[in-house]
Each structure stands twice: as C-alpha cells, then as structure tokens.
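Scroll down for the structure; my scribbles are underneath it.
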Amino acid sequence: MSSICLPAYPFVSTLMDAPGLDHAAPDDRDARDLRWSRLMAAAQAGDRRAYDKLLRECLPLLRQICRGRLRDATEAEDAVQDTLLTIHRARASYDASRPFRPWLVAITERRALDRIRARGRRSGRESALELAADLPAPTGSADAALDAERAAAKLRDAVQGLPESQRTALGLTKLQDLTLQEASVRSGMSIGAIKVATHRAVQTLRRRLTGKE
Amino acid sequence: MQSEDLIHRLAGDLHPVRPARPPGAATALWVGLATAVIIGAVLFWGLRHDLAERLASGFEAPQLMTALATGVLAAFAAFQLALPDRSRLWALLPLPAALGWLATMGWGCLQDFVKCGPEALHIGVSLPCFSFIIGLGLPLTMVMLWLSRHGAWFSPGPVAALGGLSAAALASIGLSLIHHLDGALMVLIWHGLSVLVVTAIAAKLGPRVMRLGRSG
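First to last, the protein sequences are chains W and L.
Per this note's numbering: the first sequence = residues -4 to 208.
Per this note's numbering: the second sequence = residues -3 to 212.
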C-alpha cells in the first residue's frame, strides 16, 4: 500500500535523477538502504555512533527533498531540522524488516509540506493586510495606519532589545510553535530554561509595551 | 543552529526505544485487551436473558459480526496510519464493514416494521445503552491512543478517530451481549449515536492525548 503515496509526491521521481544520491545502480541502492536500516536498528537499541552516522549520511537526501519543495534556503534548512527532530522522536515507528528510505522520505515530505502550509497561512495573512491597505481609507485611517506602524516598530524594537536567550525562546515556542522539548533540542537550552526565558520575554515585552508590571 | 550540530545533539540525547509493533501484532494485542474488558463486563453484569433467542432469530449475529469487523479493521487502519510510510487510503479500510453494520441494523428495522407495523418504529430513550458505550468506549479509546501514540507525529486526527471508532464498535458488541433492547430502530439509534459520539470525542481530543503520550 505504501506505493500508493508516490503519485502524490511527483518530485520523488526527480530525485532519482539527482547526482550522487540515487544514480547508483539498484544493487548499490539496496545495499545503502540495508546499511541505513541496520544503523537505525542499532540506533533504536541506543547506539549513538550508529545514529550519528546514519543522520549524517541521510542529511544530503533530506536537504535535497526540502530544497526541492521550499525555494527559500533558510526555510528548507528549518524543514530539514524539523525532519531530524521528528526522526528522533518517532524513531520507534521504524520497522527494521522494511526498507528505510520510504520511511525517511515520508517523514521528510510531511515536514516540508508542514512548512509550505505554514508559509501559505503566513502569506494569506500578509495578503489580507495588503488587500486591506488598498481599501478606500475611512476618515482618520491615516492616523490609525500610522499608529499601527508605530506599534509594529515599537514591538520589533522591544523584541530586538530582549536578551538573546529570551529572544530565541520566544521565537521557537511562540512564533515557530515548537513544543518545549523541540525548542530545547533546537536551542540547546534546557526545558526549564526555555520556560523561564519565554515567561521573562513575555513579561519584558508587556512591561515595555504597556508600561504595566 | 546548524543541522550538523543538531545531529550531534540528538545523537548525544539518544536512548534505547522499543520498536513499535507491526500493525497486525498491535491489532491482535488491542483486540485481546478489548476482549478481556468485555468479558469482564459480561462477568460483572451477566449475559442478557434473550441472547440465544436473538442470535437464533438471525438479527443479532450479522450485527455482531459486522460490528466486530468494523472494530478490528478500524484498529488495523489506525495502526497503519500511525506509521509515516503508509498510505492514507488505509483510513477507508473499515468503511465497508461500517456500512455493512449500518445496513444490518437498517435491515432489522425493516423486518421489525414488516412484522409489527408502525409500532416497531417507536423510539424510546435508552440511556443505559448510551452510557455503557460511552463509559466503556472512552477508556478503551485511551488504551488505543496509547498503543498508536507514534501516530501523534504523522496523522493524529485520523488515527484517533479510527481508534475511537474501533473502541466504540467493540464496546457496542459488549453492550449487545449484556443489555436487552427491543426493536432494531432503538439499536440503530442508540448504538449508532453512541458510536458517533465516541468517535467524535476521539477525533477532537485524541490528538492532544497522543501528544502527551508520544514517545521520545
């Protein structure tokens, strides 16, 4: 049944033409898949070296898939990191008796699509704002627009003025909507530190923007 | 952070995990657990007095069989969808059995109508049916969500909804063994409504529950 997925991901076939990745002979490809499968089975048993090796070997493929989907290099790299986090969290879902590559590609696809959807939502909001800007201006709207612009600039300045740890925690938990665990892994901060930094960031912003404690 | 640094950090954070059971084995475990719970309920409340008569009449047996098929196939589909490399078309697997289940109940309504006339379409309130399926279906759904928790990363909504459907279908079988209901229409409405409620609650709240229990 897994092959039913393929028509939904037409770019998978383009990957087959990618230099250095899937141009290998079928036997080589099978051997590589078998090696990855063994490395993952070892990782499931707790072998850190095998896991490190596996992820580093898979990284070019993840990047290729994400860059095929997301034109923006930064966003593609974020999708790669989302994929790495998902592989880590969901590594128990891999069945070593099955090929590794379809499992890996399916996860990468999903995380890249999540990024595309998130970008779509963002651009939808931005388009709505642009459309709103084209509407005939009611009386006093110039003042309102100016106020909104000032407020946005004030918010940007306030966020920029936060200590780096607070800015990072706020960005990961509130803007990228990562879980505390994911934010912790991504930033290298402990979960407790993430919680404290996010709380302090919100408090600081509230204080700076409203003047209230 | 660079992806290479993230890999280094993830490898450092690695601890052993038990690979998820294949869908067939997970379904067998789930059906075994649900059967144990239903047997416990039957031992506690006792078999309904007219079960043999109803089975012989030909109405109850197809209904139980299609409910069982719905419960088992919905569970198997949920465990398939909980894995990233499986087709989303697995979600359709329990559909024929669920339609068959509805059809057997609808056919029972028709038979009752032919036999008893309009009186067969009398609708009463059967809160015990409703509360039994909800009361048994929701805890069973929690077990199902735990067993399929890997799906939290991939298709939490469909996995939870199918898990709820499976739990409710099996709870409905338990109810049919215990509780006496006059009239196929009553069975259709109260069993059907309860199954819908459990499935809807599972679809709505299940993904959050799975996120709490997801591994790693």
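We treat Cβ as the ideally placed atom computed from N, Cα and C, and that holds for glycine.
Spatial distance of residue i from residue j (CA atoms)
{"i": "residue 147/W", "j": "residue 57/W", "result": "36 Å"}
{"i": "residue 136/L", "j": "residue 129/L", "result": "10 Å"}
{"i": "residue 204/W", "j": "residue 153/W", "result": "8 Å"}
{"i": "residue 124/L", "j": "residue 37/L", "result": "14 Å"}
{"i": "residue 167/L", "j": "residue 132/L", "result": "6 Å"}
{"i": "residue 174/W", "j": "residue 182/L", "result": "46 Å"}
{"i": "residue 2/L", "j": "residue 179/W", "result": "11 Å"}
{"i": "residue 19/W", "j": "residue 27/W", "result": "Since pLDDT at residue 19/W reaches only 45, below the 50 mark, its modelled position is unreliable, and no value is offered."}
{"i": "residue 171/W", "j": "residue 113/W", "result": "9 Å"}
{"i": "residue 16/W", "j": "residue 84/W", "result": "Since pLDDT at residue 16/W reaches only 43, below the 50 mark, its modelled position is unreliable, and the value read off the structure follows with that caveat. Rounded to the nearest angstrom, the two C-alpha atoms are 25 Å apart."}
{"i": "residue 206/L", "j": "residue 55/W", "result": "31 Å"}
{"i": "residue 17/L", "j": "residue 182/W", "result": "32 Å"}
{"i": "residue 212/L", "j": "residue 62/W", "result": "In this predicted model, residue 212/L has a pLDDT of only 43, less than 50, meaning its place in the structure is not dependable; the value taken from the coordinates is given anyway. Their Cα atoms are separated by approximately 27 Å."}
{"i": "residue 190/W", "j": "residue 184/W", "result": "10 Å"}
{"i": "residue 21/W", "j": "residue 45/W", "result": "Since pLDDT at residue 21/W reaches only 48, below the 50 mark, its modelled position is unreliable, and the value read off the structure follows with that caveat. Between residue 21/W and residue 45/W, the C-alpha separation is close to 24 Å."}
{"i": "residue 196/L", "j": "residue 144/W", "result": "44 Å"}
{"i": "residue 199/W", "j": "residue 12/L", "result": "40 Å"}
{"i": "residue 43/L", "j": "residue 77/W", "result": "52 Å"}
{"i": "residue 50/W", "j": "residue 69/L", "result": "35 Å"}
{"i": "residue 184/L", "j": "residue 104/W", "result": "42 Å"}
{"i": "residue 163/W", "j": "residue 155/W", "result": "11 Å"}
{"i": "residue 173/L", "j": "residue 47/L", "result": "7 Å"}
{"i": "residue 101/W", "j": "residue 26/L", "result": "26 Å"}
{"i": "residue 95/W", "j": "residue 110/L", "result": "58 Å"}
{"i": "residue 88/L", "j": "residue 77/L", "result": "11 Å"}
{"i": "residue 187/W", "j": "residue 160/W", "result": "12 Å"}
{"i": "residue 52/L", "j": "residue 91/L", "result": "27 Å"}
{"i": "residue 201/W", "j": "residue 110/W", "result": "29 Å"}
{"i": "residue 177/W", "j": "residue 98/W", "result": "21 Å"}
{"i": "residue 164/L", "j": "residue 101/L", "result": "16 Å"}
{"i": "residue 193/L", "j": "residue 153/L", "result": "15 Å"}
{"i": "residue 103/L", "j": "residue 35/L", "result": "28 Å"}
{"i": "residue 147/L", "j": "residue 112/L", "result": "48 Å"}
{"i": "residue 32/W", "j": "residue 127/L", "result": "47 Å"}
{"i": "residue 241/W", "j": "residue 71/W", "result": "Chain W is shown from -4 up to 208; residue 241/W falls before or after that span and cannot be answered."}
{"i": "residue 93/L", "j": "residue 91/W", "result": "32 Å"}
{"i": "residue 206/W", "j": "residue 157/W", "result": "16 Å"}
{"i": "residue 106/L", "j": "residue 64/L", "result": "22 Å"}
{"i": "residue 203/L", "j": "residue 79/L", "result": "15 Å"}
{"i": "residue 6/L", "j": "residue 150/L", "result": "20 Å"}
{"i": "residue 107/W", "j": "residue 83/L", "result": "17 Å"}
{"i": "residue 14/L", "j": "residue 75/W", "result": "25 Å"}
{"i": "residue 86/L", "j": "residue 208/L", "result": "25 Å"}
{"i": "residue 29/L", "j": "residue 58/L", "result": "23 Å"}
8 Å Cβ cut-off: residues of chain L touching residue i
{"i": "residue 160/W", "result": "None at all; the shortest Cβ gap to chain L is about 13 Å."}
{"i": "residue 97/W", "result": "81"}
{"i": "residue 51/W", "result": "0, 3"}
{"i": "residue 43/W", "result": "7, 8, 10"}
{"i": "residue 177/W", "result": "Those do not exist, as residue 177/W stays about 10 Å from chain L at its closest Cβ, beyond 8 Å."}
For residue j and residue i, believed in contact at Cβ under 8 Å, the rounded distance
{"i": "residue 196/W", "j": "residue 150/W", "result": "The pair is not a contact, with the Cβ atoms about 12 Å apart (cut-off 8 Å)."}
{"i": "residue 10/L", "j": "residue 36/W", "result": "That pair is no contact at about 13 Å."}
{"i": "residue 140/L", "j": "residue 71/L", "result": "7 Å"}
Element boundaries [alpha helix (DSSP H), containing residue i]
{"i": "residue 59/W", "result": "43 to 64"}
{"i": "residue 55/L", "result": "Here residue 55/L belongs to no alpha helix (DSSP H), and DSSP marks it neither H nor E."}
{"i": "residue 204/W", "result": "186 to 205"}
{"i": "residue 79/W", "result": "68 to 84"}
{"i": "residue 111/L", "result": "91 to 112"}
{"i": "residue 1/L", "result": "-1 to 8"}
{"i": "residue 154/L", "result": "152 to 174"}
{"i": "residue 181/W", "result": "175 to 182"}
{"i": "residue 133/L", "result": "123 to 143"}
{"i": "residue 162/W", "result": "159 to 165"}
{"i": "residue 26/L", "result": "19 to 41"}
Per-residue contacts from residue i into chain W (C-beta, under 7 Å)
{"i": "residue 134/L", "result": "Going along chain W, no residue has its Cβ under 7 Å from residue 134/L, so there is no contact; the nearest lies around 25 Å."}
{"i": "residue 150/L", "result": "105"}
{"i": "residue 225/L", "result": "Because chain L in this structure spans residues -3 to 212, residue 225/L falls outside the shown range and cannot be described."}
Chain-ordered chain W contacts of residue i [CB-CB under 8 Å]
{"i": "residue 9/L", "result": "83, 180"}
{"i": "residue 146/L", "result": "85, 87, 88"}
Contact list for residue i against chain L, beta-carbon separation under 9 Å
{"i": "residue 171/W", "result": "Near residue 171/W there are no residues of chain L at all, since even the closest Cβ is about 13 Å away, more than 9 Å."}
{"i": "residue 30/W", "result": "Neighbours of residue 30/W on chain L: none; closest Cβ ~17 Å, over 9 Å."}
{"i": "residue 79/W", "result": "-1, 2, 3, 6"}
Amino acids of chain W, ordered along the chain, whose beta-carbon sits closer than 9 Å to that of residue i
{"i": "residue 14/L", "result": "39, 87"}
{"i": "residue 203/L", "result": "Result: empty, since nearest Cβ-Cβ is about 13 Å, beyond 9 Å."}
Residue i: contacting residues in chain L (beta-carbon distance under 7 Å)
{"i": "residue 25/W", "result": "Those do not exist, as residue 25/W stays about 17 Å from chain L at its closest Cβ, beyond 7 Å."}
{"i": "residue 76/W", "result": "-1, 2"}
{"i": "residue 101/W", "result": "80, 81"}
{"i": "residue 70/W", "result": "The contacting residues do not exist; residue 70/W stays about 13 Å from chain L at best."}
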